[in-house]
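Report on one structure; see the data block that follows.
Residue numbers (our numbering): 1 to 348.
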């Protein structure tokens with residue numbers, strides 16, 4: 001057995017990211033389905049470690065000291081970039097789509113738990129193969145699976161979560177195109193606007209230049225650190241009460257309150273691009289660590305039941321996009337595009 005310390009694990013994670021980047025650039029199939037670089041590199045390493053384990057009995061243990069702080073930092077950046085003022089500007093359309101999305105989340109969990117019970121599996125398996133990984137993705141799946149392992153003793157939760165999120169990502173890409181083509185045929189095509197008359201758009205404020213400097217990064221890191229510190233305190237205060245929440249959820253909410261509170265009083269405006277950069281770095285390293293340390297040999301007995309649940313979820317997602325999302329959003333061309341996009345983020 002080989003043991004890697006904290007720094008060695010960090011080095012391994014960065015190498016996994018570089019490997020994943022090379023894979024995505026070189027393999028057209030990975031690029032076609034927009035498989036994230038940490039997922040591509042991490043799964044390849046996990047498969048290689050599986051081969052070593054089965055062939056020569058070698059096993060590598062990684063020091064995951066940095067994994068949780070990176071995960072929390074990622075959720076902090078999600079909260080810091082949540083601009084409530086922008087949501088209000090969306091008006092009724094955003095409200096209707098929010099109802100549609102929440103409806104899907106509830107149905108995904110109901111289907112997951114129902115299928116798991118039907119197959120004689122732990123209901124937690126159904127939750128993981130539901131909205132946690134399909135609508136939530138790899139980051140949310142890894143965060144909740146940690147709770148399932150520690151609190152409920154579901155030992156293979158992380159492996160199941162990563163597998164479901166990855167399959168969901170591919171399946172979402174597969175059904176999005178056919179759903180879009182079907183709905184566009186039955187939708188009214190918008191008149192549109194000539195390109196030379198379209199109002200130009202730019203990232204953030206087009207007439208304001210703001211660079212990512214060392215000072216901006218320090219300010220952003222400080223905000224993330226505040227979210228982590230206060231979020232952990234809030235989670236500890238809520239522990240054992242009816243309002244108990246996982247630490248990462250508390251950190252996310254603290255980020256939302258901090259960002260919008262500072263903007264409301266006019267004291268400081270969060271630089272969204274700097275937050276996104278640090279969030280992407282945190283998520284990439286976190287996913288690389290989570291995926292390269294997967295013990296795939298623990299997943300063998302759950303492979304077929306998991307696949308059965310995912311097939312049902314995929315069929316339901318396509319039907320939901322056609323009969324609910326498209327109809328609720330207006331049954332027009334824009335609704336068709338939105339429904340197809342819903343297939344993508346609703347499955348991965």
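The C-beta atom is built at its ideal place from N, Cα and C for all residues, glycine as well. It should be emphasised that the depicted structure is a prediction, and the values quoted were computed from it without experimental measurement.
Same chain, Cβ closer than 8 angstroms to residue i, five either side skipped, listed in chain order
i: residue 238; result: 244, 245, 250
i: residue 68; result: 146
i: residue 119; result: 305, 308, 309
i: residue 93; result: 329
i: residue 140; result: 132, 133
i: residue 194; result: Any reading at residue 194 must be qualified, since the residue scores a pLDDT of 48, below 50, and its modelled position is unreliable; the value itself is stated next. Hits under 8 angstroms: none found.
Same chain, Cβ closer than 7 angstroms to residue i, neighbours up to 5 away in sequence not counted
i: residue 234; result: 250, 254
i: residue 1; result: 59, 61
i: residue 108; result: 130, 131, 134, 135, 313
i: residue 121; result: 305
i: residue 149; result: 155, 157, 158
Beta-bridge pairing of residue i - partner residues as DSSP gives them
i: residue 4; result: 62
Same chain only: Cβ atoms within 6 angstroms of residue i, ignoring 5 sequence neighbours per side
i: residue 296; result: 46, 50
i: residue 259; result: 80, 270
Straight-line Cα distance separating residue j from residue i
i: residue 172; j: residue 111; result: 17 angstroms
i: residue 346; j: residue 221; result: 31 angstroms
i: residue 330; j: residue 102; result: 18 angstroms
i: residue 198; j: residue 39; result: Reliability fails at residue 198, whose pLDDT of 46 lies under 50, so the model's placement of it is uncertain and no value is given.
i: residue 153; j: residue 230; result: 28 angstroms
i: residue 217; j: residue 325; result: 39 angstroms
i: residue 291; j: residue 322; result: 33 angstroms
i: residue 276; j: residue 164; result: 25 angstroms
i: residue 26; j: residue 35; result: 12 angstroms
i: residue 316; j: residue 215; result: 48 angstroms
i: residue 79; j: residue 228; result: 11 angstroms
i: residue 187; j: residue 341; result: 16 angstroms
i: residue 282; j: residue 137; result: 15 angstroms
i: residue 24; j: residue 161; result: 22 angstroms
i: residue 63; j: residue 294; result: 13 angstroms
i: residue 252; j: residue 76; result: 5 angstroms
i: residue 273; j: residue 53; result: 42 angstroms
i: residue 261; j: residue 268; result: 9 angstroms
i: residue 17; j: residue 280; result: 12 angstroms
i: residue 266; j: residue 28; result: 47 angstroms
i: residue 44; j: residue 55; result: 16 angstroms
i: residue 31; j: residue 96; result: 32 angstroms
i: residue 344; j: residue 240; result: 37 angstroms
i: residue 192; j: residue 82; result: Because the pLDDT at residue 192 is just 48, under 50, the model does not fix this residue reliably, and the value given afterwards should be weighed accordingly. Going by the C-alpha atoms only, they are around 30 angstroms apart.
Within 8 angstroms, strictly: CB atoms of residue i and residue j
i: residue 318; j: residue 175; result: yes
i: residue 285; j: residue 70; result: yes
i: residue 127; j: residue 113; result: yes
i: residue 247; j: residue 232; result: yes
i: residue 328; j: residue 13; result: no
i: residue 57; j: residue 37; result: no
i: residue 33; j: residue 170; result: yes
i: residue 117; j: residue 299; result: no
i: residue 339; j: residue 183; result: yes
i: residue 180; j: residue 336; result: yes
i: residue 42; j: residue 287; result: yes
i: residue 15; j: residue 66; result: no
Near the ligand ADP: residue i beta-carbon under 7 angstroms from a heavy atom
i: residue 232; result: With respect to the ligand ADP, the structure offers nothing, as it holds no ligand at all.
Exercise. Which parts of the segment 48-121 are runs of the beta strand (DSSP E), unbroken and 3 residues or longer, counting only runs that do not cross its ends?
Worked result: With a minimum length of 3 residues, the unbroken runs of beta strand (DSSP E) contained wholly in the segment 48-121 fall at 60-62.
Exercise. Which ranges would you report for the alpha helix (DSSP H) in the segment 220-306 if only whole runs of at least 4 residues count?
Worked result: If one requires a minimum length of 4 residues, the alpha helix (DSSP H) runs lying completely within the segment 220-306 are 247-265, 272-292, in chain order.
For this session: Any chance you could list the alpha helix (DSSP H) runs of at least 4 consecutive residues sitting entirely within the segment 124-185, in chain order?
Result: Counting only runs of at least 4 residues, the segment 124-185 fully encloses the following alpha helix (DSSP H) elements, listed from N- to C-terminal order: 137-152, 157-185.
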